[in-house]
Structures are given as C-alpha cells and as structure tokens.
Amino acid sequence: MRTSKKSTNKDVERFPCGQCGAVLKYAPGTTHLLCDYCGFDNPIARRGGMIEEYDLQQALRDLTQPRSEAPKSQIHCDECGAAFQFASNQHAGECPFCGTPIISTTAQIKPIQPKSLLPFRIDESEARRQFQRWLNGLWFAPNAVKKYARGESKLAGVYLPYWTFDSQTDSTYSGERGDVYYVDQPVQVMRNNRGVTEIRRVPKIHWTPVRGHVSRFFDDVLVGASNSLPRKILDALQPWDLENLVPYDANYLSGFRSEFYQVDLDEGFDVARQVMDGVIYRDIAFDIGGDHQRIHQVQTRHSDTTYKHCLLPVWSAAFRYRNKTYRYIVNGRTGEVQGERPYSGWKIAFASLAALLLAAGVYYYLEKTGALQNGQPHYEPSAPYYDAPSYFYVE
Numbered sequence: 001m002r003t004s005k006k007s008t009n010k011d012v013e014r015f016p017c018g019q020c021g022a023v024l025k026y027a028p029g030t031t032h033l034l035c036d037y038c039g040f041d042n043p044i045a046r047r048g049g050m051i052e053e054y055d056l057q058q059a060l061r062d063l064t065q066p067r068s069e070a071p072k073s074q075i076h077c078d079e080c081g082a083a084f085q086f087a088s089n090q091h092a093g094e095c096p097f098c099g100t101p102i103i104s105t106t107a108q109i110k111p112i113q114p115k116s117l118l119p120f121r122i123d124e125s126e127a128r129r130q131f132q133r134w135l136n137g138l139w140f141a142p143n144a145v146k147k148y149a150r151g152e153s154k155l156a157g158v159y160l161p162y163w164t165f166d167s168q169t170d171s172t173y174s175g176e177r178g179d180v181y182y183v184d185q186p187v188q189v190m191r192n193n194r195g196v197t198e199i200r201r202v203p204k205i206h207w208t209p210v211r212g213h214v215s216r217f218f219d220d221v222l223v224g225a226s227n228s229l230p231r232k233i234l235d236a237l238q239p240w241d242l243e244n245l246v247p248y249d250a251n252y253l254s255g256f257r258s259e260f261y262q263v264d265l266d267e268g269f270d271v272a273r274q275v276m277d278g279v280i281y282r283d284i285a286f287d288i289g290g291d292h293q294r295i296h297q298v299q300t301r302h303s304d305t306t307y308k309h310c311l312l313p314v315w316s317a318a319f320r321y322r323n324k325t326y327r328y329i330v331n332g333r334t335g336e337v338q339g340e341r342p343y344s345g346w347k348i349a350f351a352s353l354a355a356l357l358l359a360a361g362v363y364y365y366l367e368k369t370g371a372l373q374n375g376q377p378h379y380e381p382s383a384p385y386y387d388a389p390s391y392f393y394v395e
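Here you go:
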C-alpha cells in the first residue's frame with residue numbers, strides 16, 4: 001500500500017487505499033486497513049524495534065524547561081472541504097460533516113508523545129454483544145434498562161492515553177508484631193435459663209516492637225492519563241496485555257478517536273506510587289509475621305524509575321435513564337465491560353423483604369427445634385479454641 005501522506009493543507013494525515021485511493025479505516029483484530037469502497041486489504045508495514053522505557057527523572061527535568069505551547073489551529077477536511085477543530089484533548093477522530101477519518105498533526109502538541117499502543121482486537125459488533133451480556137447480568141437493574149441491551153446503541157472506538165511505570169523500591173519500616181496467646185478466664189453464660197460462670201480460654205495479643213526492610217521491583221504499573229472517564233472505571237478494565245504493545249503507528253488510529261494525555265507525567269507517578277505503597281504495606285505485614293501487625297512508619301526509596309506513554313483501545317458509549325446519563329466502556333482487547341448503572345428501588349425493597357421473611361422463618365424453626373433458648377444460641381462447643389483474625393492493622 002501507499003504510505004501515509006499529508007493533505008494539501010498539511011494539518012492532517014491521510015491513509016489512501018492502494019487500489020482506489022479512498023480513505024481507509026483500521027480493521028480491528030487485523031494488521032491491515034480495510035477499504036470500505038473496493039474491499040481491498042491494505043497491509044500495515046510492521047515496524048521493528050523494542051518498546052523502550054524512558055528515564056523518569058530526566059523527563060521530569062526536561063519538562064521544567066520553558067517551552068511555547070503550540071497554537072491550536074483549524075483542521076481542513078480534504079474530502080468535503082469543511083473546517084473544524086477537535087476538542088483540546090483529541091488528535092484523531094472523524095470529520096463531523098462527512099465522517100472521513102482524520103488524524104491531526106497540529107491540533108495540539110504535547111511535550112511527550114505516545115511511543116507504543118495496543119491495536120483494537122474486537123470490533124464494534126463484538127463490543128456491543130459484550131455490553132448486552134454485561135447489562136443483562138446486572139442485579140437489581142430496572143427492566144427498562146435491560147431492554148436497552150436489545151437496542152442498537154452506537155459505540156465510539158477511542159484510544160485512551162496511559163502511563164506505565166517501572167521502579168525498584170527499597171523500604172525500611174518500624175511497627176509491632178502481635179502474637180496471640182490464650183488465658184483461662186471466667187465468663188458468664190446462660191444454662192437452663194440461669195446465669196452460670198464457666199472457665200474458658202480467651203485470646204490475648206502480645207505486642208513486640210519490630211524494625212525491618214523490604215524490597216520489590218514494580219513492572220508496568222498502569223495509570224490512566226485521561227480525565228474523560230472516571231478513574232475507577234478505567235482501573236477496572238485491567239488487566240491489559242502490555243506484552244503485546246507495538247510501536248506507535250498512526251495507521252492503527254485511522255477511523256478511531258484518540259486523546260492526548262490530560263494527567264501529566266508527575267501526577268501519573270503520584271498515582272502509581274499510591275498503588276505501589278499498597279503492595280509494599282502488604283509485603284511489610286508479611287515480613288513482620290505473627291497473627292497481627294501494626295505498621296507505624298515506612299520510608300521508601302525509588303530507583304531506576306522509568307516510564308512509557310502508550311495508547312490503549314476502548315469502545316465507549318452512554319445511555320440515558322430517567323434523565324441521567326450512564327457511561328460505560330468495553331476493553332478493546334479483552335471485551336471486559338465496566339460502567340455506571342442504575343438500580344431498581346422496588347427490586348431492592350422486594351429482595352430486602354424476602355431476606356427478612358427468610359430470617360424470620362429460620363428463627364422460628366430454631367426456636368421450635370430447641371436450638372434457641374431465650375432467643376440465644378444454645379450449643380456445646382466441640383473445643384475451647386478461637387481462631388485468631390488474619391487481618392493486619394495499619395496506624
């Protein structure tokens with residue numbers, strides 16, 4: 001096929017069909033651009049080379065250097081002649097007048113450009129099927145919403161910006177180790193409708209001060225760099241097959257929207273550190289050992305920290321129910337669906353009533369069979385032993 005070329009106004013990239021010259025769109029799950037007019041498959045030339053990691057500290061220093069922001073310019077569509085502008089965070093999409101795929105080269109210039117991406121693997125029809133399956137499986141969803149699953153909603157294919165971070169961490173900590181032991185202690189219990197004193201083994205905790213050190217290397221901690229969707233939804237789309245990243249190639253963007261990052265590099269690393277801290281605290285709790293742990297202080301040093309800026313594919317859409325918009329997205333690689341959803345008040349109320357009736361029935365049965373005495377459970381323990389809780393405590 002012909003290589004991508006600039007339009008006459010030099011502000012967009014075009015990908016013409018090698019057979020008829022029509023504008024091409026990338027076909028998800030393939031390595032070619034499909035011509036909607038003549039059906040010709042235009043292969044995407046494979047780019048060699050490794051997916052590189054870049055030094056974080058050097059990049060942060062470079063970002064402090066003064067630079068002029070590139071002015072946002074109008075985009076001119078060669079197919080229909082329309083002039084328009086993308087949103088400030090968008091650099092690929094379609095002409096709003098004729099639908100021609102547009103990849104802008106001047107809409108906005110960011111200091112860090114994406115160097116890799118995951119191409120779409122599933123197409124729009126498969127993404128819609130995954131959404132329908134997800135929507136039909138929602139508990140306590142209104143019936144009117146489930147009917148929406150049978151509709152033909154339009155999904156938008158979008159490449160969202162992400163950061164990934166690698167870092168070697170070394171953490172020193174101080175805290176306490178709690179070991180459970182048992183003592184015999186008198187307790188008051190009910191026997192035959194009267195209170196009696198029994199000797200039982202009661203768990204106690206012995207706390208010992210501890211200090212230590214843990215190390216861990218983090219690989220590809222993923223942070224969404226878009227503010228277009230809630231972070232909770234973006235994070236829930238994981239895992240991504242980042243081992244299949246390919247070098248950035250604008251051919252894969254043809255026919256899809258693509259966003260610039262809105263979360264800067266330093267902000268992204270702050271989010272990544274929070275993710276790493278959660279894992280480090282679990283490592284410390286395991287290192288302390290015992291039955292309980294208290295962590296008083298942690299100091300973590302990061303070294304050999306690198307990053308990548310990549311684009312990941314999602315199918316995005318929204319539906320309205322009772323004057324409220326609910327957004328959802330489908331992982332363009334795995335089909336995983338995450339989103340916002342409404343709840344049916346009467347279904348929840350009915351389920352709560354059913355649970356209360358069931359509890360009342362169980363209580364009546366236990367009372368009749370003698371398993372309850374004065375409303376209290378009555379049984380003989382098989383052994384005077386209490387399992388120690390397995391959680392850890394962080395102060």
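Under UniProt numbering, the letters of the sequence shown match residues 1 to 395, in that order.
Glycine included, every Cβ here is placed at the ideal spot set by N, Cα and C.
All values reported here derive from a predicted model rather than from experimental measurement.
Check	Outcome
Near D62, what residues of its chain come up, given a Cβ to Cβ distance below 8 Å and the 5 sequence neighbours on each side ignored?	P111
Run through DSSP, which three-state label would W134 get?	helix
Counting pairs of beta carbons, one from the region 121–132 and one from the region 294–306, are three or more of them closer than 8 Å?	no
With distances taken from CA atoms, which of G48, H32, S258 is nearest D41?	H32
Would R14 be called buried (16 or more neighbouring beta carbons within 10 Å of its own) or exposed?	buried
Between the region 253–269 and the region 319–328, are three or more C-beta pairs nearer than 8 Å?	no
Taking the alpha carbon of G93 as the point to measure from, which residue in P119, P43, L118, G157 has its own alpha carbon closest?	G157
What distance in whole Å lies between the Cβ atoms of I288 and V298, which are believed to be in contact at a cut-off of 8 Å?	So it is not a contact: roughly 12 Å between Cβ atoms.
Do three or more CB pairs link the region 299–310 to the region 192–208 at distances below 8 Å?	no
From the DSSP output, in three-state form, read off E124 for me.	helix
Run through the region 179–256 for me and flag every whole alpha helix (DSSP H) of 4 or more residues, listed as ranges in chain order.	231–236
Do you know how far the Cα of V337 is from the Cα of W134?	7 Å
Confirm, please, whether the CB-CB distance from Y26 to K308 is below 8 Å.	no
Output the distance between the C-alpha atoms of P310 and K115, rounded to the nearest integer angstrom.	Per the sequence shown, the amino acid found at residue 310 is Cys instead of Pro. Cα-Cα distance, rounded: 6 Å.
Does the separation of the CB atoms of L56 and T305 fall below 8 Å?	yes
Counting pairs of beta carbons, one from the region 217–227 and one from the region 187–195, are three or more of them closer than 8 Å?	no
Could you pull the start and end residues of the beta strand (DSSP E) that G92 belongs to?	Note that residue 92 is Ala in the sequence shown, not Gly. Unbroken beta strand (DSSP E) run through A92: 90–94.
Any beta-carbon of chain D closer than 8 Å to the one on L34?	As a matter of chain content, chain D is missing from the structure shown, which is built from one protein chain.
Between which two residues does the alpha helix (DSSP H) holding D287 run?	265–288
Helix, strand or coil: which one does DSSP assign to Q58?	helix
Mind checking which residues open and close the beta strand (DSSP E) that includes R320?	292–321
Going by other Cβ atoms of all chains shown within 10 Å of its Cβ, with 16 needed for buried, is C17 buried or exposed?	buried
In three-state terms, what does DSSP make of L117?	strand
Could you check if F392 is buried or exposed, using at least 16 other CB atoms within 10 Å of its CB as the buried criterion?	Model confidence at F392 stands at a pLDDT of 36, short of 50, so the residue's coordinates are unreliable and nothing is read from them.
If you draw a straight line from the alpha carbon of D78 to that of T169, how long is it in whole angstroms?	52 Å
Report buried or exposed for C20, applying the criterion of at least 16 other Cβ atoms within 10 angstroms of its Cβ.	exposed
According to DSSP, is A45 part of a helix, a strand, or is it coil?	coil
Return the residue from the list V275, V279, Q238, G268 that minimises the CA-CA distance to P313.	Q238
To the nearest whole angstrom, what separates the beta carbons of W315 and G339, a pair I think is in contact under 8 Å?	With a Cβ gap of about 11 Å, W315 and G339 do not count as contacting.
Would a C-beta distance cut-off of 8 Å place F120 and G39 closer than the cut-off?	no
Go ahead and pull the three-state DSSP assignment for R129.	helix
Name the one or two DSSP bridge partners that K154 has.	DSSP output for K154 lists no bridge partner at all.
Starting from the C-beta of Y261, find all residues in its chain whose C-beta is less than 6 Å away, skip the five residues before and the five after it, and write them out in chain order.	P161, A225
Suppose contacts are defined by Cβ-Cβ distances below 8 Å. Is L155 in contact with A317 by that definition?	yes
Could you check the C-alpha separation between Q65 and Q58 for me, to the nearest Å?	11 Å
Does DSSP put L356 in a helix, a strand or coil?	helix
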